[in-house]
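**Student:**
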Amino acid sequence: MDMPTILVMLVACAAAMGCIPTMLAAATESEDGTDMKENPSLSAIKRGSVGITERDDAHQQVWRAGGGASRAGGRGGGANAGGFNTGSGSGGAGAGAGTGGLSEGFYSSSCPQVETVIEQQVRVILQADIGQAAGILRIMFHDCFVQGCDASLLLLRPTTEVTATPNNASIRASSLRALDTIKAAIEAVCPGVVSCADTIVLSTKIAVKLSGGPIIPMRTGRRDGLSAASNQTVVNNMPPPTLNITALKQNFQNHGLDSRDLVSLSGGDTIGRAHCRFVDPQITPTISTDLNTAFALNLSRICLPANNPIKASQTTHLDFVAPNLFDNSYFNNILAKVAIFHTDAALTNASDTLQLVQLYAQNQPLFFQQFSQSMIKMSQLNVLTGQQGEIRKKCSTPNQFLNS
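For the sequence shown, the residue numbers in mature numbering (1 follows the signal peptide of the UniProt record, and there is no 0) are -18 to -1, 1 to 386.
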């Protein structure tokens, strides 16, 4: 029996009967669509996490009423490129990867314990909700792809990045609160030293590692942006899950990212969940040729009819066999036609990307190596360094509004 057939049988079993093998059991789902099962690979942590901060306190009322602040310091061209199967638009032109001022061990003197503190917090968070690994990873993708990795996604305004349609459809509120918790723990030991932008990047690094993925040697030294992208900027720069391979490549090229980056970063969808409204075009009114028929029928059972009142919040696993394990199953799923999105199947429609899908499906260490390289590359897109921006004390609020 070949691998595609085995995968289809496993997925059909899981989706139709709830009989995913116990060693790879799917997690239960929280109210915001996250997975809620303890990761057995994580060691027990007795230290409790810092209390989750409230993202709608009095400071936010001032920020919402007062509008935005202009950016301090310049940066290269605007960061305009694609996201991961959750947005709309086709990306804009002009981007650059600014790496000056970033280094490994940037905080070795000013906050040497930063990664230890972050790992302690992330372990606690994942033990309570393993689905937060995918949520944190998604936040980094969305933050870096719009204005560069400046934590502008975390800012709150009436028309901020996180409430733009491509983001509010896929960014988990609980993952934003998790980052608030992590930042509060850092501030407790190194006040005013570590940026929110670096907090996102380092939290993502650790979440990937604790999910079974590679250890990524991320550089740090980013500063935080002072303003969020407009709703239209976000909409214009996040690609929908319907793009063909030509449009996907162009989206990434606009960021200075190539086909290897496109394929390897797409592999981040090996963990997490998808909203059914993004799955619907693949299964209604007719089943897409991108999908195995049996798999599509099972998806239609999971994703409720369009007129169901809870349809908007309905989600499904991206990978039914090992939904919480960071591995190379995404690529095997594509080849077996059991990947969720049209953009997944699109990776097989060009010879160079198809070859990479086949290579990564056969060679997980190779995928991990390229994923690490591409994550480093993405993490350096249009960063603020030196005296640009600021080091936010609270990730949701520019410092000038904290004492207002």
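Glycine is no exception: its CB is placed at the ideal position from the N, C-alpha and C atoms.
Name the DSSP beta bridge partners of H299, please?
**Tutor:** What you label residue 299 is simply residue 317 of the sequence shown in a count that begins at 1. Bridge partners of H299: R255.
**Student:** Buried or exposed, going by whether 16 or more other CB atoms sit within 10 Å of the CB of E86?
**Tutor:** By 1-based counting over the sequence shown, the position of residue 86 is 104. Exposed.
**Student:** Which residues mark the beginning and the end of the alpha helix (DSSP H) in which Q95 is found?
**Tutor:** For the purposes of this step, residue 95 is identified with residue 113 of the sequence shown, where counting begins at 1. Careful: Q95 lies outside any alpha helix (DSSP H) and carries neither H nor E.
**Student:** Can you say whether residue 394 is buried or exposed, counting buried as having 16 or more other CB atoms within 10 angstroms of its CB?
**Tutor:** Limits of the chain in this structure are -18 at one end and 386 at the other, which puts residue 394 out of reach.
**Student:** When you compare the CB of A110 with every CB in chain C, is at least one pair closer than 8 Å?
**Tutor:** Any reference to chain C falls outside this structure, which holds one protein chain only.
**Student:** Under 8 Å by Cβ, that's how I've got A166 and Q114 pegged, so tell me the actual separation to the nearest angstrom.
**Tutor:** Stepping through the sequence shown from its first residue, residue 166 is reached at position 184. Stepping through the sequence shown from its first residue, residue 114 is reached at position 132. Going by Cβ atoms, the distance from A166 to Q114 rounds to 16 Å, so no, they are not a contact pair.
**Student:** In the segment 114 to 191, which residue ranges form an unbroken alpha helix (DSSP H) of at least 4 residues, counting only runs that do not cross its ends?
**Tutor:** Runs found: 114 to 129, 147 to 150 and 155 to 171.
**Student:** Give me whichever residues DSSP pairs with D334 in a beta bridge.
**Tutor:** What you label residue 334 is simply residue 352 of the sequence shown in a count that begins at 1. Note: D334 sits in no beta bridge, so no partner.
**Student:** On the premise that T186 lies in contact with I107, defined as a C-beta separation below 8 Å, what is that separation, rounded to the nearest angstrom?
**Tutor:** Translated into the one-based positions of the sequence shown, residue 107 becomes position 125. Translated into the one-based positions of the sequence shown, residue 186 becomes position 204. That belief does not hold up - the Cβ atoms of I107 and T186 are roughly 12 Å apart, past 8 Å.
**Student:** Provide the residue span of the alpha helix (DSSP H) that contains F350, from first to last.
**Tutor:** Counting from one through the sequence shown, the residue named residue 350 turns up at place 368. First-last of the alpha helix (DSSP H) with F350: Q346 to S361.
**Student:** Kindly confirm or deny that the segment 346 to 358 and the segment 324 to 331 touch, where touching means at least three C-beta pairs closer than 8 Å.
**Tutor:** Counting Cβ pairs under 8 Å, fewer than three are found: no touch.
**Student:** From the DSSP output, in three-state form, read off D272 for me.
**Tutor:** The residue given as residue 272 occupies position 290 in the sequence shown. DSSP places D272 in coil when its eight states are reduced to three.
**Student:** Let me make sure I understand the geometry here. Which of A210, S246 and T335 has the alpha-carbon closest to that of M360?
**Tutor:** Numbered from its first residue, the sequence shown carries residue 360 at position 378. Here the closest residue by C-alpha is S246.
**Student:** Is DSSP giving T215 helix, strand or coil here?
**Tutor:** Counting from one through the sequence shown, the residue named residue 215 turns up at place 233. Three-state result, T215: helix.
**Student:** Only counting the same chain, and skipping five residues up and downstream in sequence, which positions put a Cβ closer than 7 Å to that of L341?
**Tutor:** In the sequence shown, residue 341 corresponds to position 359, counting from 1. Within the same chain, L341 has close Cβ partners L348.
**Student:** Given this structure, state the Cα-to-Cα distance separating R201 from F88, to the nearest angstrom.
**Tutor:** The residue labelled residue 201 in the question sits at position 219 within the sequence shown. The residue labelled residue 88 in the question sits at position 106 within the sequence shown. When rounded, the distance between both Cα atoms is 7 Å.
**Student:** Out of D272, I358, T98 and N364, which one is the CA nearest neighbour of V320?
**Tutor:** To locate residue 320, count along the sequence shown from 1; it is residue 338. Closest by alpha carbon: D272.
**Student:** For Q232 and Q382, what's the separation of their Cα atoms in angstroms?
**Tutor:** Taking the first residue of the sequence shown as 1, we reach residue 232 at position 250. Taking the first residue of the sequence shown as 1, we reach residue 382 at position 400. Approximately 38 Å between the Cα atoms of the pair.
**Student:** Using only the alpha-carbon positions, how far apart do Q235 and Q362 sit?
**Tutor:** Locating residue 235 in the sequence shown gives position 253, where the first residue counts as 1. Locating residue 362 in the sequence shown gives position 380, where the first residue counts as 1. Distance between the alpha carbons of Q235 and Q362 is about 15 Å.
**Student:** Would you please state the rounded distance, in angstroms, between the beta carbons of V190 and F302? I believe it to be under 8 Å.
**Tutor:** If you number the sequence shown from 1, residue 190 lands on position 208. If you number the sequence shown from 1, residue 302 lands on position 320. Contact flag wrong, Cβ pair sits at about 20 Å.
**Student:** Under three-state DSSP, which class holds L279?
**Tutor:** The residue you call residue 279 lines up with position 297 of the sequence shown. It is helical.
**Student:** When DSSP labels each residue in this structure, what does G56 get in the three-state scheme?
**Tutor:** Against the sequence shown, residue 56 aligns to sequence position 74. For G56, the pLDDT reaches just 34, beneath the cut-off of 50, and the residue's location in the model is therefore unreliable, leaving the point undetermined.
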